[in-house]
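If you read the sequences in order, they're chains A and B. Here the working numbering is used: position 59 in the first sequence is 59, and no number is missing along the way. Here the working numbering is used: position 5 in the second sequence is 5, and no number is missing along the way.
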Amino acid sequence: AQSVTQPDIHITVSEGASLELRCNYSYGATPYLFWYVQSPGQGLQLLLKYFSGDTLVQGIKGFEAEFKRSQSSFNLRKPSVHWSDAAEYFCAVGAAGGSGGSNYKLTFGKGTLLTVNP
Amino acid sequence: DAMVIQNPRYQVTQFGKPVTLSCSQTLNHNVMYWYQQKSSQAPKLLFHYYDKDFNNEADTPDNFQSRRPNTSFCFLDIRSPGLGDAAMYLCATTRGGGGSGNTIYFGEGSWLTVV
Chain A
1 AQSVTQPDIH
11 ITVSEGASLE
21 LRCNYSYGAT
31 PYLFWYVQSP
41 GQGLQLLLKY
51 FSGDTLVQGI
61 KGFEAEFKRS
71 QSSFNLRKPS
81 VHWSDAAEYF
91 CAVGAAGGSG
101 GSNYKLTFGK
111 GTLLTVNP
Chain B
1 DAMVIQNPRY
11 QVTQFGKPVT
21 LSCSQTLNHN
31 VMYWYQQKSS
41 QAPKLLFHYY
51 DKDFNNEADT
61 PDNFQSRRPN
71 TSFCFLDIRS
81 PGLGDAAMYL
91 CATTRGGGGS
101 GNTIYFGEGS
111 WLTVV
């Protein structure tokens, strides 16, 4: 079965500093990989996704992530963090769905809470 | 405009009293999911529909049921809520099929409190 590990439960950075959130996955086939962001009391917003092709993926809000198959990693990066980036970040792997077609279902990591200091 | 709409956003129910959460989508997606997210935890998939085909996760309790009367709507029924069922319930949709590199879109969630 697929799984996702986010080693850092909580990260604090200063506004303007660079950011890297770690994600490691376990999946037997080529994975679909995602990063979602969740503000308190809100749903999940997709930041970026990797399905195939270029291993460096650009997302919204200035985020990017790099897929490294040899390390089973999909780390999220941002060169300069803004106070509005404070939120919880979830990495997810998409595995084949149930009967009926080629949809997939997401397994999430436990999340990393990002705090941004002024 | 919101594409995946969940109602109600906040629901308080009594221990053991059945409750229904609803989800509607304007995307005409054929796949709909229900996730449970407890405080400070990762979302956990309960089940999903591919068209009318229901796919239950192996560890989803029988207390949780779902209905999908048409493409646009999906309901989560909790037959006898316990204190441990207090959580945010997230609905999500995607277009399945065709090699499917499609995004999964989430609603804003429904917060359930059990008293």
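Note that beta-carbon positions come from the ideal geometry of N, C-alpha and C, so glycine has one too.
- [ ] With DSSP as the reference, label K61 of chain A as helix, strand or coil.
- [x] Here residue 61 of chain A corresponds to residue number 61 of the first sequence, with the count starting at 1. Three-state result, K61 of chain A: helix.
- [ ] Compute the distance between the beta-carbons of N28 of chain B and Y50 of chain B, then report whether it is under 8 Å.
- [x] As a position in the second sequence, residue 28 of chain B is number 28, starting the count at 1. As a position in the second sequence, residue 50 of chain B is number 50, starting the count at 1. No; because the gap between Cβ atoms is not below 8 Å, this pair is not in contact.
TODO: Count the C-beta pairs between the region 84 to 99 of chain B and the region 31 to 48 of chain B that are closer than 8 Å, then say yes if the count reaches three, no if not.
DONE: yes
- [ ] Run down chain A in chain order and give the residues with a C-beta less than 7 Å from the C-beta of F106 of chain B.
- [x] Here residue 106 of chain B corresponds to residue number 106 of the second sequence, with the count starting at 1. Within 7 Å Cβ-Cβ: G43, L44.
Task: Through-space distance from F90 of chain A to T55 of chain A, alpha-carbon basis - done: Here residue 55 of chain A refers to the residue found at position 55 of the first sequence. Here residue 90 of chain A refers to the residue found at position 90 of the first sequence. Going from the Cα of T55 of chain A to the Cα of F90 of chain A covers about 19 Å.
Open item on the list: Contact criterion: CB-CB distance below 8 Å. Does Q33 of chain A meet it with respect to chain B?
Closed with: Residue mapping note: residue 33 of chain A aligns to position 33 of the first sequence, counting from 1. Gln is not the amino acid found at residue 33 of chain A; the sequence shown has Leu there. L33 of chain A does not count as touching chain B.
Task: Cβ pair I9 of chain A, L114 of chain A closer than 8 Å - done: Walking along the first sequence from the start, residue 9 of chain A turns up at place 9. Walking along the first sequence from the start, residue 114 of chain A turns up at place 114. Note that the C-beta distance between I9 of chain A and L114 of chain A is not below 8 Å.
TODO: Go through the region 12 to 84 of chain B residue by residue and report every complete run of the beta strand (DSSP E) that reaches 3 residues or more, in order.
DONE: 19 to 25, 31 to 37, 44 to 50, 53 to 56, 64 to 67, 73 to 78
TODO: Rounded to whole angstroms, what's the CA-CA distance from V32 of chain B to Y104 of chain A? Just pull it up for me.
DONE: Within the second sequence, the letter at position 32 stands for residue 32 of chain B. Within the first sequence, the letter at position 104 stands for residue 104 of chain A. For the record, residue 32 of chain B in the displayed sequence is Met; it is not Val. Going from the Cα of M32 of chain B to the Cα of Y104 of chain A covers about 11 Å.
TODO: Please confirm if Q25 of chain B has its CB atom under 8 Å from at least one CB of chain A.
DONE: As a working mapping, residue 25 of chain B is identified with position 25 in the second sequence. For Q25 of chain B, no CB of chain A lies under 8 Å from its own CB, so it is not counted at the interface with that chain.
Task: chain B residues whose Cβ lies nearer than 7 Å to that of F74 of chain A - done: Position 74 of the first sequence, counting from 1, holds the residue named residue 74 of chain A. Chain B residues near F74 of chain A: none, gap ~15 Å exceeds 7 Å.
TODO: Kindly identify the DSSP beta-bridge partner or partners of C91 of chain B.
DONE: To locate residue 91 of chain B, count along the second sequence from 1; it is residue 91. C91 of chain B pairs with B:W34.
Open item on the list: Can you confirm whether L106 of chain A, when its beta carbon is compared against all beta carbons of chain B, has any partner nearer than 8 Å?
Closed with: Against the first sequence, residue 106 of chain A aligns to sequence position 106. With a threshold of 8 Å between beta carbons, L106 of chain A makes contact with chain B.
Task: Minimum C-alpha distance to Y32 of chain A - residue among A:N24, A:L19, A:K61 - done: Position 32 of the first sequence holds residue 32 of chain A. When each option's Cα is compared against that of Y32 of chain A, the closest is A:N24.
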